[in-house]
Amino acid sequence: MKKLFILPALLVLIQCSPTPVQQDLINYINVEMPKVATLESEALEAYESISGANYQNDSTMYYTITETVLPKYEEFYALLKDIKPATEDVNQLHAKYLQAAEDQLQAFKLILDAIEKQDPQIIIAANKDLAEGRALLTTWRAGLDSACAKHQVVFTSDEEK
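Counting from -10, one number per residue, gives the positions in the sequence shown under the working numbering.
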C-alpha cells in the first residue's frame, strides 16, 4: 500500500517542479535583467532628452552623449554581455538583446562621429542602427513573451501593473 501512495506523490512533485528552461527564464527575468535595466534606462532617457523634439543643438547633444549616454550604455552593454543563460532557449533570446544593444551602442558612437565631421550621411547610418536596435528589442520582447507562454512562466512587467 505504501508503494501506491508514494508513486502519485512522486508524480505530483515531478509535475510541479520547474523545468530547466522555466528556471532559466525566471532567473533571466527576475535576477539577471534587473541588474542592467537601470543603466540602460538612464542612458536612453539621457539620449531622449536631447534628441527628436528635445534636440537643442549639436554641442548639447555631443556633450550629453559623451558624458552620460555613452558611459552608461557601455557599462550596460558590458554587464549585458556577462549574462550567460543556462539553456539554449534563453541564450537565443539573450543573443537578440545583445545584438539590439550593440546596434544602439554603435549608433551613439556614429552620432558623435557625425557631429565631429558634420556629416549628415553618418547621421542617417546612426538612425538606421537605432531603428534596427529598436526592431530587435521588439523581436526580443515578443520572443520572451512567447517563451514564457510556451514554458508556462507568468510574466508581468511593470508596464502591466
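Where is the CB? At the ideal position from N, CA and C, for every residue including glycine.
Helix or strand or just coil, what does DSSP make of I107?
Rather than Ile, the amino acid found at residue 107 in this sequence is Gln. The answer is coil: DSSP assigns Q107 none of H, G, I, E or B.
Comparing the CB of G132 with every heavy atom of the ligand MN, is any distance shorter than 7 Å?
For the structure depicted, the ligand MN is absent and the ligand set is empty, with no information on it obtainable.
Could you tell me which of K73, A35 and P74 sits nearest to P60, measuring between CA atoms?
A35
Pop quiz: A96 and A115 are said to be a contact at Cβ under 8 Å. What is the actual Cβ separation, rounded to whole angstroms?
With a Cβ gap of about 4 Å, A96 and A115 count as contacting.
Enclosing alpha helix (DSSP H) for A42 [first to last residue]:
Careful: A42 lies outside any alpha helix (DSSP H) and carries neither H nor E.
Which two residues bound the contiguous alpha helix (DSSP H) that contains Y51?
D47 to T53
For S6, which of helix, strand or coil comes out of DSSP?
coil
C-beta contact flag for L68 and Q93 at 8 Å
The criterion of a C-beta distance shorter than 8 Å is not satisfied by L68 and Q93.
Is the number of C-beta pairs between the region 45 to 58 and the region 14 to 22 that are closer than 8 Å three or more?
no
Beta-carbon spacing of Q12, Q141 below 8 Å
no
Cα separation between E105 and A75?
42 Å
Assuming contact is defined by CB atoms lying nearer than 8 Å, are Y66 and A90 in contact in what I supplied?
yes
Thinking just about the alpha-carbon of each residue, which of L133, R123 and E21 is nearest to the one in D71?
E21
For V25, which option in Q45, Y86 and L125 has the closest C-alpha, if you only look at C-alpha atoms?
Just measuring C-alpha positions, the residue of Q45, Y86 and L125 sitting nearest V25 is Y86.
In chain order, what residues of the same chain lie with their CB nearer than 7 Å to the CB of W129, ignoring the 5 residues before and after it?
L82, K85, Y86 and A89
Excluding sequence positions up to five away, which residues of its chain have a Cβ less than 6 Å from the Cβ of L126?
A89
Could you check if L62 is buried or exposed, using at least 16 other CB atoms within 10 Å of its CB as the buried criterion?
Reading off the sequence shown, one finds Tyr at residue 62, where the question assumed Leu. With 16 or more other Cβ atoms within 10 Å, it is buried.
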